[in-house]
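Student: In this note's numbering, the protein residues as written are -15 to 533. Let me give you the structure first, and then I'll get to my questions.
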């Protein structure tokens, strides 16, 4: 769950540290008090693009930091590792966004990440819904995923998708070989020439940097020999460094005889003498090795010219040229042995399709078995949310060819009024209706949904008091399996929450700022009275009764 949300210099919030608990958490406050800032901060944690206009007036940057404690971090770790980051050491993950006037940055566990990676992680951590934020529910692909989650189809889906990818690979391979027949004689002649040119070069990894170094040495060998000889002479000539060190050693030996305490201090001279002698021997050997035969130098130069010519034609590196050789060889092989390969691949493709359809039929059976059960569960939830005579169906339609998702598409159909035809959810115009349908679906899938935090931003808008109470109860039930944040204007929803926070605006030193604080006991009753629309004993009694349940 989300244990900490820190906001600094975002809109009207100068500094906020929000520690959250588990279960249903309600956030209330006057319109314009700053509740939307909480939602905005969470959206940034989810990887939404940041608007520099949100930075608090007079500040250069704003930051949002969140700390999540995860029961099982394996799925998040897989995403992090795929993105080149280290997995979480424990069950805690920290996300930080920094939005500046010149640059924006984002971090996961203090490592910089891209917005794309942050979105992938955010999708697994937070499920955020507002009055007009139901695109995932309207997607037929997402609806099919919900049905599969309800039916516990994940193991079967994994097997199916592996079989599907195998079938697609074989399909593409067969298509490529069939297209190979379109090669003209001119193209074949060019391919064979290119393959012969690369193969005759007999390239090896040594034709890369090693060859360039050998060429550089051979072309500068005369000057290198001269310099090495000068260095050797400076070391070993009659007036060289080693001669002077030898004289110095004689003097130090006399010093040691007179004062033995100097022995240890003068050992560095012996070391220096040995190292300089080694250096002289190394340079002598180096100069001898540089005595390159002119014919060998010519051979190296010829090899360099050949490799550079191939690089200009087939790629900037040796690896590119070898890869090009393999591509041409495969292309020619497909053309030369086209008939045999088409026959073999056609048989393999048919076998792959047969295996795919066998698995797909099992998946279809599971889906058809679970679809009416899920529809009945959602319909039951909808009745409790005020749709007393509504109808709900999970419609499965067979598709012509296998897809990554199986042999059928899925459509959630909803009819809020008896006697009227059911329509796909995407055709529902009322945001209030779609909000409640979304809550019914989420409630039906509460046990299968692995998202730690669910955020409902005023989805109880445009509903009556009794419906709002039912919405609150559904959220509270969801709160038994997930952490749920409900930003609401309804006292019926706020009263049922395990934790209640209030957002308020205040003016200090001529600046307006939003603050958030928890309310309990008498303060919570006062907030519920405000939400009920007035003071007086009757309103206080009603607020107290809402808290009592």
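From the three backbone atoms N, C-alpha and C, an ideal C-beta is built for every residue, glycine too.
State the DSSP-derived secondary structure class of residue 504, mapped to helix, strand or coil.
Tutor: Reduced to three states, the DSSP call for residue 504 is coil.
Student: Less than 7 Å between the beta carbons of residue 485 and residue 23, yes or no?
Tutor: Taking 7 Å as the Cβ cut-off, residue 485 and residue 23 do not qualify as a contacting pair.
Student: Alpha carbon to alpha carbon, how far is residue 175 from residue 341?
Tutor: Each residue's Cα considered, the two are about 39 Å apart.
Student: Skipping 5 residues on each side, what residues in its chain have a beta carbon closer than 7 Å to that of residue 403?
Tutor: None.
Student: Which residues in the same chain have their Cβ closer than 7 Å to the Cβ of residue 337, if we skip the five residues on either side of it in sequence?
Tutor: Excluding positions up to five away in sequence, the list reads 151.
Student: Look up residue 408 in the DSSP assignment and give the residues it is bridged to.
Tutor: DSSP output for residue 408 lists 397 as bridge partner(s).
Student: Tell me whether residue 211 sits in a helix, a strand or coil according to DSSP, three-state version.
Tutor: Here residue 211 sits in helix by DSSP.
Student: With distances taken from CA atoms, which of 393, 378 and 379 is nearest residue 385?
Tutor: When only C-alpha atoms are compared, the closest one is 393.
Student: Excluding the 5 residues preceding and the 5 following residue 400 in the sequence, name in chain order all residues of the same chain whose CB lies nearer than 7 Å to its CB.
Tutor: Cβ neighbours of residue 400 beyond the five flanking positions: 371, 374 and 417.
Student: Alpha carbon to alpha carbon, how far is residue 251 from residue 282? Give it in angstroms, no decimals.
Tutor: Using only the alpha carbons, I get a separation of about 49 Å.
Student: Would you report the Cα separation of residue 497 and residue 490, rounded to the nearest angstrom?
Tutor: Using only the alpha carbons, I get a separation of about 6 Å.
Student: Going straight from the alpha carbon of residue 522 to that of residue 504, what length do you get?
Tutor: So the two alpha carbons sit approximately 20 Å from each other.
Student: Since residue 2 sits in a beta bridge, which residues does DSSP pair it with?
Tutor: According to DSSP, residue 2 bridges with -11.
Student: Going by DSSP in three states, residue 314 sits in which element: helix, strand or coil?
Tutor: Reduced to three states, the DSSP call for residue 314 is helix.
Student: In or out: residue 214 buried (at least 16 other Cβ within 10 Å) or exposed?
Tutor: Under this definition residue 214 is an exposed residue.
Student: Select from 312, 259, 208 and 331 the residue whose C-alpha is nearest the C-alpha of residue 271.
Tutor: The option with the nearest alpha carbon to residue 271 is 208.
Student: Comparing C-alpha positions only, which one of 129, 147 and 40 sits nearest to residue 344?
Tutor: It is 147 whose Cα lies nearest to the Cα of residue 344.
Student: For the beta strand (DSSP E) that contains residue 489, what are its first and last residues?
Tutor: Segment 483 to 492, the beta strand (DSSP E) holding residue 489.
Student: Check each candidate in 409, 429 and 439 and name the one with the smallest Cα separation from residue 361.
Tutor: Comparing Cα positions, the closest option is 429.
Student: Please report how far the alpha carbon of residue 111 lies from the alpha carbon of residue 439, in whole angstroms.
Tutor: When rounded, the distance between both Cα atoms is 6 Å.
Student: What is the C-beta distance between residue 121 and residue 422, in whole angstroms, given that I count them as a contact (C-beta under 8 Å)?
Tutor: Confirmed, Cβ separation roughly 5 Å.
Student: Go to residue 21, then tell me how far its beta strand (DSSP E) extends in each direction, as first and last residue.
Tutor: Residue 21 -> not in any beta strand (DSSP E); alpha helix (DSSP H) instead, spanning 19 to 29.
Student: On the premise that residue -6 lies in contact with residue 38, defined as a C-beta separation below 8 Å, what is that separation, rounded to the nearest angstrom?
Tutor: With a Cβ gap of about 6 Å, residue 38 and residue -6 count as contacting.
Student: Throw me the rounded Cβ distance for the residue 537 and residue -10 pair, which I believe falls under 8 Å.
Tutor: This structure cannot speak to residue 537, because the chain is shown only from -15 to 533.
Student: Can the beta-carbon of residue 6 be found closer than 7 Å to that of residue 464?
Tutor: Cβ atoms of residue 6 and residue 464: not closer than 7 Å.
Student: Taking the alpha helix (DSSP H) that residue 10 belongs to, which residues open and close that run?
Tutor: First-last for residue 10: 8 to 12, but that is the beta strand (DSSP E), not the alpha helix (DSSP H).
Student: If the criterion is Cβ atoms closer than 7 Å, does the pair residue 161 and residue 306 meet it?
Tutor: No. Outside cutoff.
Student: Residues in its own chain within less than 7 Å of residue 478 by CB, not counting five upstream and five downstream?
Tutor: For residue 478, where only same-chain residues beyond five positions count, the Cβ hits under 7 Å are 10, 12, 472, 484, 512 and 515.
Student: For residue 427, does the count of other Cβ atoms within 10 angstroms reach 16, so buried, or fall short, so exposed?
Tutor: When all chains shown are included, residue 427 counts as buried.
Student: Can you name the start and end residues of the beta strand (DSSP E) that residue 76 belongs to?
Tutor: Residues 76 to 84.
Student: Starting from the C-beta of residue 353, find all residues in its chain whose C-beta is less than 8 Å away, skip the five residues before and the five after it, and write them out in chain order.
Tutor: Cβ within range, chain order: 135.
Student: DSSP three-state call for residue 431: helix, strand or coil?
Tutor: If DSSP states are grouped into helix, strand and coil, residue 431 belongs with coil.
Student: Under 7 Å between C-beta atoms, does residue 60 make it to chain C?
Tutor: The structure shown contains no chain C; it holds only a single protein chain.
Student: Using alpha carbons as the reference points, say which of 85, 183 and 61 lies closest to residue 34.
Tutor: Nearest C-alpha to residue 34: 85.
Student: From the DSSP output, in three-state form, read off residue 56 for me.
Tutor: Residue 56 falls in the coil class under three-state DSSP.
Student: Counting C-beta neighbours from all protein chains within 10 Å, is the total for residue 436 16 or more, i.e. buried, or is it exposed?
Tutor: Buried: at least 16 other Cβ atoms inside 10 Å.
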